[in-house]
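Novice: Just so it is clear: in the sequence shown, position 74 is 74 by the UniProt record's numbering, and no numbers are missing. Dropping a structure here in structure tokens format, bear with me for questions.
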Amino acid sequence: MAQQISHGENDGITKPPPEPSPLRKAKFFQANMRILVTGGAGFIGSHLVDRLMQNEKNEVIVLDNYFTGSKDNLRQWIGHPRFELIRHDVTEPLLIEVDQIYHLACPASPIFYKYNPVKTIKTNVIGTLNMLGLAKRVGARILLTSTSEVYGDPLVHPQTEDYWGNVNPIGVRSCYDEGKRVAETLMFDYHRQHGIEIRIARIFNTYGPRMNIDDGRVVSNFIAQAIRCPERRQEASATSLIWLTRISPCFADSILNASEFTMLELAETVKEMINPKVKIITVENTPDDPRQRKPDITKANQLLGWEPKIKLHEGIPLMEGDFRHRLGIPRKD
Ligand SMILES: O=c1ccn([C@@H]2O[C@H](COP(=O)(O)OP(=O)(O)O[C@H]3OC[C@@H](O)[C@H](O)[C@H]3O)[C@@H](O)[C@H]2O)c(=O)[nH]1
Numbered sequence: 001m002a003q004q005i006s007h008g009e010n011d012g013i014t015k016p017p018p019e020p021s022p023l024r025k026a027k028f029f030q031a032n033m034r035i036l037v038t039g040g041a042g043f044i045g046s047h048l049v050d051r052l053m054q055n056e057k058n059e060v061i062v063l064d065n066y067f068t069g070s071k072d073n074l075r076q077w078i079g080h081p082r083f084e085l086i087r088h089d090v091t092e093p094l095l096i097e098v099d100q101i102y103h104l105a106c107p108a109s110p111i112f113y114k115y116n117p118v119k120t121i122k123t124n125v126i127g128t129l130n131m132l133g134l135a136k137r138v139g140a141r142i143l144l145t146s147t148s149e150v151y152g153d154p155l156v157h158p159q160t161e162d163y164w165g166n167v168n169p170i171g172v173r174s175c176y177d178e179g180k181r182v183a184e185t186l187m188f189d190y191h192r193q194h195g196i197e198i199r200i201a202r203i204f205n206t207y208g209p210r211m212n213i214d215d216g217r218v219v220s221n222f223i224a225q226a227i228r229c230p231e232r233r234q235e236a237s238a239t240s241l242i243w244l245t246r247i248s249p250c251f252a253d254s255i256l257n258a259s260e261f262t263m264l265e266l267a268e269t270v271k272e273m274i275n276p277k278v279k280i281i282t283v284e285n286t287p288d289d290p291r292q293r294k295p296d297i298t299k300a301n302q303l304l305g306w307e308p309k310i311k312l313h314e315g316i317p318l319m320e321g322d323f324r325h326r327l328g329i330p331r332k333d
């Protein structure tokens with residue numbers, strides 16, 4: 001009998017979920033939970049790995065091609081008996097025995113996902129197909145990290161999970177936006193058609209320690225610019241009209257913030273807190289840049305008890321400390 005999981009209009013599972021390994025039900029030998037994290041060397045992935053490794057019953061296997069991730073983010077676990085690190089691109093199939101899959105692999109910053117758009121689509125479509133194929137074969141539960149970009153340039157504000165979005169299918173961001181939308185579709189089709197247990201987290205603009213200093217996203221850019229060079233300009237796109245919300249997933253130790261502010265306000269806050277000498281200039285928006293985003297977190301709060309904990313004024317100094325440490329530039333005061 002198929003397990004009944006209600007997803008409103010997404011109901012209609014035709015097959016029972018695949019059976020997990022017999023070791024999960026063994027009477028005398030309680031196997032560790034084997035957890036695969038794709039993109040585990042990245043900013044969010046490595047925080048997730050830290051959290052998973054805290055549980056002594058977990059074995060964590062990280063897959064990463066190091067396009068944006070770094071071994072350095074995982075250095076505390078390299079050599080640990082419950083930890084394995086594999087250099088592998090998710091666009092290639094992988095045969096492995098695991099109980100759970102956290103599928104994070106994909107560049108998330110616009111400058112990186114636009115660098116090779118065809119590869120970005122392959123990562124989202126072929127990579128997700130490969131991971132779903134693996135989940136089906138071994139009966140693993142799979143979580144996909146999706147994105148606020150599935151809403152495109154949203155016409156609904158704030159965005160709830162049931163909003164279908166307003167996405168340009170042929171723009172410069174489409175490789176990521178549409179790639180993640182197809183990835184979500186594949187997740188639901190594997191769930192309906194093959195009974196796979198799925199989870200999807202749509203992550204909004206996130207920042208925190210371990211982010212690449214040259215990640216290119218706005219919070220890290222402003223902080224890095226303010227630290228690196230007193231004369232350097234902080235470029236805020238024509239955003240006195242643009243409002244965004246910074247929010248990150250409940251499982252990572254990254255800095256959380258769900259208040260709403262313009263890019264100009266953000267630039268001014270960073271200037272005031274880190275480097276009053278920096279000049280703020282306003283430039284034109286890049287094509288497809290969404291004008292306003294903010295998640296409606298009611299459901300996440302009700303179902304997961306999740307809410308953002310760190311406000312922007314607390315998050316900026318934490319990021320600044322992390323960047324100064326990595327750049328070797330101490331504070332002057
Ligand atoms: O130096 C900068 C960088 C960015 N910006 C602006 O800041 C805003 C945010 O842009 P970012 O590059 O930080 O990233 P985005 O918010 O567009 O997308 C990001 O966050 C949402 C996630 O779902 C996506 O995965 C991620 O790509 C944009 O309006 C952009 O024009 C600046 O004003 N200056």
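Just so you know, even glycine gets a beta-carbon here, dropped at the ideal spot from N, CA and C.
On the CB-based measure, 16 or more other CB atoms within 10 Å of its CB, does Ala-183 come out buried or exposed?
Specialist: In the sequence shown, residue 183 corresponds to position 183, counting from 1. Flag for Ala-183 reads buried.
Novice: Just the Cα atoms here: how many angstroms apart are Ile-242 and Pro-287?
Specialist: Along the sequence shown, one-based indexing puts residue 242 at 242. Along the sequence shown, one-based indexing puts residue 287 at 287. Bear in mind that the predicted position of Ile-242 carries a pLDDT of just 24, short of 50, making it too unreliable to give a figure here.
Novice: Go ahead and pull the three-state DSSP assignment for Phe-67.
Specialist: Position 67 of the sequence shown holds residue 67. Phe-67 falls in the coil class under three-state DSSP.
Novice: Distance check for His-325 and Asn-124, CA to CA, integer angstroms please.
Specialist: Against the sequence shown, residue 124 aligns to sequence position 124. Against the sequence shown, residue 325 aligns to sequence position 325. Their Cα atoms are separated by approximately 33 Å.
Novice: Can you look up Ile-264 in the DSSP assignment and give me helix, strand or coil?
Specialist: Counted from its first residue, the sequence shown places residue 264 at position 264. Looking at the sequence provided, one finds Leu at residue 264 rather than Ile. Three-state result, Leu-264: helix.
Novice: Check whether the Cβ atoms of Val-118 and Ala-105 lie closer than 8 Å to each other.
Specialist: Taking the first residue of the sequence shown as position 1, residue 118 is located at position 118. Taking the first residue of the sequence shown as position 1, residue 105 is located at position 105. Going by C-beta atoms, Val-118 is not nearer than 8 Å to Ala-105.
Novice: DSSP on Gln-76, reduced to helix/strand/coil?
Specialist: On the sequence shown, position 76 is the one that residue 76 refers to. Residue state, collapsed to three classes: coil.
Novice: Closest to Tyr-190 by CA distance: which of Trp-164, Tyr-176, Asn-130, Tyr-163 is it?
Specialist: Position 190 of the sequence shown, counted from the first residue, corresponds to residue 190. If we check each option's Cα against that of Tyr-190, Asn-130 comes out closest.
Novice: If you draw a straight line from the C-alpha of Lys-122 to the C-alpha of Gly-305, how long is it?
Specialist: Within the sequence shown, residue 122 is the residue found at index 122, counting from 1. Within the sequence shown, residue 305 is the residue found at index 305, counting from 1. Looking at the two C-alpha atoms, the distance is approximately 34 Å.
Novice: So the alpha helix (DSSP H) Phe-204 belongs to, where does it begin and stop?
Specialist: The residue given as residue 204 occupies position 204 in the sequence shown. Segment: none, Phe-204 is in no alpha helix (DSSP H) and carries neither H nor E.
Novice: Can you tell me where the beta strand (DSSP E) with Phe-83 in it begins and where it stops?
Specialist: What you label residue 83 is simply residue 83 of the sequence shown in a count that begins at 1. Per DSSP, Phe-83 belongs to the beta strand (DSSP E) from 83-87.
Novice: Give the list of continuous alpha helix (DSSP H) stretches no shorter than 4 residues that lie fully inside the region 144-229.
Specialist: Taking only runs of at least 4 residues, the alpha helix (DSSP H) segments lying wholly in the region 144-229 are 174-194, 218-228.
Novice: Which of the three DSSP states, helix, strand or coil, is assigned to Glu-56?
Specialist: In the sequence shown, the residue the question calls residue 56 occupies position 56. Three-state DSSP puts Glu-56 in coil, outside helix and strand.
Novice: Less than 7 Å between the CB of Ser-109 and some heavy atom of ligand 1, yes or no?
Specialist: For the purposes of this step, residue 109 is taken as the residue at position 109 of the sequence shown. Ser-109: yes, Cβ under 7 Å from ligand 1.
Novice: Give a yes or no on whether the C-beta atoms belonging to Ile-96 and Leu-134 are separated by under 8 Å.
Specialist: Taking the sequence shown and counting its residues from 1, one reaches residue 96 at position 96. Taking the sequence shown and counting its residues from 1, one reaches residue 134 at position 134. Going by C-beta atoms, Ile-96 is nearer than 8 Å to Leu-134.
Novice: Which residue marks the beginning of the beta strand (DSSP E) containing Arg-34, and which one marks its end?
Specialist: Within the sequence shown, residue 34 is the residue found at index 34, counting from 1. Unbroken beta strand (DSSP E) run through Arg-34: 33-38.
Novice: Name the two residues that bound the continuous alpha helix (DSSP H) containing Ile-280.
Specialist: Along the sequence shown, read from residue 1 onward, the residue named residue 280 stands at position 280. Ile-280 -> not in any alpha helix (DSSP H); beta strand (DSSP E) instead, spanning 279-283.
Novice: Thr-185: beta carbon under 7 Å from a heavy atom of ligand 1?
Specialist: Along the sequence shown, read from residue 1 onward, the residue named residue 185 stands at position 185. Result no, Cβ not under 7 Å from ligand 1.
Novice: Cβ atoms of Leu-143 and Ala-201: under 8 Å apart, would you say?
Specialist: For this step, residue 201 is matched to residue 201 along the sequence shown. For this step, residue 143 is matched to residue 143 along the sequence shown. In this structure, Leu-143 lies closer than 8 Å to Ala-201 by Cβ.
Novice: Relative to the C-alpha of His-103, which residue among Gly-139, Val-62, Gly-79 is closest?
Specialist: Position 103 of the sequence shown, counted from the first residue, corresponds to residue 103. Nearest of Gly-139, Val-62, Gly-79 to His-103, Cα basis: Val-62.
Novice: Going by beta carbon distance, what residues of the same chain come within less than 7 Å of Pro-107, once the five residues before and after it are set aside?
Specialist: Counted from its first residue, the sequence shown places residue 107 at position 107. Answer for Pro-107: Phe-67, Thr-68, Tyr-113, Thr-120, listed in chain order.
Novice: Give me the DSSP bridge partner(s) of Ile-310.
Specialist: As a working note, residue 310 is residue 310 in the sequence shown. Per DSSP, none; premise fails for Ile-310.
Novice: What are the boundary residues of the alpha helix (DSSP H) that Cys-292 is part of?
Specialist: Taking the sequence shown and counting its residues from 1, one reaches residue 292 at position 292. Sequence inspection shows Gln at residue 292; the Cys mentioned does not correspond to that position. Careful: Gln-292 lies outside any alpha helix (DSSP H) and carries neither H nor E.
Novice: Based on the DSSP secondary-structure assignment, which residues constitute the bridge partners of Ile-61?
Specialist: Here residue 61 refers to the residue found at position 61 when the sequence shown is read from its first residue. Looking at the DSSP assignment, Ile-61 forms a beta bridge with Leu-36, Glu-84.
Novice: Hey, could you find the ends of the beta strand (DSSP E) Tyr-113 is sitting in?
Specialist: Reading the sequence shown from its first residue, position 113 is the one you call residue 113. Element bounds for Tyr-113: not the beta strand (DSSP E) but the alpha helix (DSSP H), 110-113.
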